[in-house]
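In what follows, a single structure is set out as structure tokens and then discussed.
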Amino acid sequence: MFTNYGLNMTLHTIANTTIDINLILPNDIILFWQNGVILTLRDNAIIKQIKTITPHCYALESDLAARGLTQLVDSEIKIIDMLKVVKLTEKYSPQIAW
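So, in structure tokens, the structure goes:
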């Protein structure tokens, strides 16, 4: 599921709704969690912009469920559990927390 192919890929962990899209590159991994999952909703302008930059977008399922948002997530966002979040953080460096 997580393939690096030897490329430099930054992991952006987005925990709120304030981010600088200009710092996201095509090979970067985006993880939405905590209140950041709000950005993954269908028709959200920010997620639309991010998806034009990188297809590597993930959201933490438990945070979506806690907010009642699971059924409202953009279809291109990969919903993952905490074990997969741990694997992302182990694999990708550097990391930027928002």
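Using our numbering, the first residue of the sequence shown is number -19, and each one after it goes up by one. The C-beta atom is built at its ideal place from N, Cα and C for all residues, glycine as well. Keep in mind it's a predicted model, so treat the numbers as computed, not measured.
Alpha-carbon to alpha-carbon, residue j and residue i
i	j	result
H(-8)	T20	14 Å
R22	A77	23 Å
T(-3)	N(-12)	25 Å
Buried or exposed by the 16-neighbour rule on C-beta atoms within 10 Å, applied to residue i
i	result
I1	exposed
L11	buried
L68	buried
Proximity winner among the options, relative to residue i (alpha-carbon distances)
i	options	result
L63	L40, Q51, L49	L40
S73	D8, L3, S42, A(-5)	D8
W13	K28, L44, I26, L49	L44
V17	I33, P6, C37	C37
Beta carbon proximity, residue i to chain B, threshold 7 Å
i	result
G48	Considering every chain present, this structure includes no chain B. It has just one protein chain.
Local conformation of residue i per DSSP, three classes
i	result
T(-10)	coil
Residue i: CB within 6 Å of a non-hydrogen atom of the ligand NAP
i	result
A77	Judged by which ligands are present, the structure shown has none, so any question about the ligand NAP falls away.
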